[in-house]
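Numbering (this note's numbering), first residue to last: 82 to 230.
Where a beta carbon is used, it is the ideal one built from N, C-alpha and C, also for glycine.
Read the structure below first, then the notes.
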């Protein structure tokens, strides 16, 4: 009787060990990614960048939605760190000038207005939302537009 009980216990231990430590095919993740590059516009430019700056900003987004009047409030919050690169440039194709070949001089008549470009990079930290007021794509777009304004 002891040998049979000992054999059953050993068999159960081996089966449980094999089940929990073995290769579990059910928990594998399958990830498929696909990317397509679309050329939107390609043009030759002559720009002179005269100033370049790097800025950081911490943006706190909070949105609450009242459900059933004032009895229940659903909130969503996000902490966004914005790292932006700002450049001030002049388009050299718009510069008006005269060339005097006899005296070998270049006379600039007018310089166009400076172009200011801001390239923000958004990093989302601590995104929290309630079940009744979840984050949606429109919320992320609203945050992006609010930061750019």
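Item	Value
Paired residues, beta bridge with residue 153 - DSSP	148
Check whether residue 197 and residue 176 have beta carbons under 8 Å apart	no
Where the alpha helix (DSSP H) through residue 92 begins and ends	83-102
Contact check, residue 228 vs residue 201, beta carbons under 8 Å	yes
Buried or exposed by the 16-neighbour rule on C-beta atoms within 10 Å, applied to residue 185	exposed
Residue 140 and residue 163 closer than 8 Å at C-beta	yes
Stretch pair the stretch 205-216 + the stretch 149-164: three plus CB contacts closer than 8 Å	yes
Terminal residues of the beta strand (DSSP E) in which residue 207 lies	196-210
Nearest-angstrom Cα separation, counted from residue 161 out to residue 205	5 Å
Nearest-angstrom Cα separation, counted from residue 117 out to residue 111	20 Å
Integer Cβ distance of residue 124 from residue 170, believed to fall under 8 Å	With a Cβ gap of about 15 Å, residue 124 and residue 170 do not count as contacting.
7 Å CB neighbourhood of residue 147 in its chain, flanking five on each side removed	154
Span separating the alpha-carbon of residue 137 from that of residue 99	52 Å
Buried versus exposed, by CB contacts within 10 Å (16 or more), residue 224	buried
Range of the contiguous beta strand (DSSP E) that encloses residue 191	186-191
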